[in-house]
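Trainee: Per this note's numbering, the sequence shown starts with residue -1, numbered consecutively. For each residue, glycine too, the CB sits at the ideal point set by N, CA and C.
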Amino acid sequence: MDAIKTFIGEHRPWLVGAGFLMVLYLYQARPFDKAEDTEQPATQASPTKKAVSKPIVKQAPRGTHEVFDTYKDENNEPWLTLRTLPNPRTGQPTGRLEDGTTLVVKEYGLGHKGKWAKIEVTSGTHVNQTGYVNTKWIRRF
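Below, the structure is given as structure tokens:
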């Protein structure tokens, strides 16, 4: 016990300074915010309706993407097909997007293995059309 008192006595300025810095760090890492302390009213599900879980879909960040490298398609289709659904069998084709066509991605991770995206076309012959495309052929600027 005497060794501890001696250690503290000899290193008091350092220990006080370290403690002060720790308090500053902790305060800075999570400042007090009134908005976080307000309680939100709890919502209750109707007893007659069952809760339905929705699939988890990643929200795409805002930004512009483009169609690219469609000439590398093994089916020799140098375009990206815009579809009504995120599935090549059930989604009806609504347009052909050529390389360089710009678009905004609304949602990622759709369809089989999450390889489809919901998009809105922002250039080319299908401007303002919304549909689904395979993400293999799009990239972010």
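#1: Please report the distance separating the alpha-carbon of residue 35 from that of residue 16.
#2: Apart from the five residues just before and just after residue 92, which ones in its own chain have a Cβ nearer than 7 Å to its Cβ?
#3: Can you name the start and end residues of the beta strand (DSSP E) that residue 129 belongs to?
#4: With a cut-off of 8 Å on the beta carbons, I'd call residue 86 and residue 108 a contact; round off their distance for me.
#5: With residue 137 as the anchor, note down where its beta strand (DSSP E) starts and where it stops.
#6: Can you find the residues in the same chain that come closer than 6 Å, C-beta to C-beta, to residue 172, ignoring five residues on each side of it along the sequence?
#7: What number of angstroms, rounded off, separates the C-alpha of residue 134 from the C-alpha of residue 120?
#8: For residue 88, collect the residues of the same chain with a Cβ closer than 8 Å to its Cβ; drop the 5 residues on either side in sequence, then sort them by chain order.
#9: Given that a residue counts as buried once 16 or more other Cβ atoms are within 10 Å of its Cβ, and exposed if not, what is residue 111?
#10: With DSSP run on the structure shown, which of helix, strand or coil describes residue 118?
#11: Does DSSP put residue 64 in a helix, in a strand, or in coil?
Mentor: Let me spell this out:
#1: Legend: pLDDT at residue 35 = 44, less than 50; position of this residue unreliable, value from coordinates given subsequently. Cα-Cα distance, rounded: 30 Å.
#2: 80, 81, 82, 127, 129
#3: Unbroken beta strand (DSSP E) run through residue 129: 128 to 132.
#4: Not really, about 13 Å apart at Cβ, beyond 8 Å.
#5: 136 to 138
#6: Examination of residue 172 is not possible in this model, given that the chain is present from -1 through 139 alone.
#7: 19 Å
#8: none
#9: exposed
#10: strand
#11: It is a strand residue.
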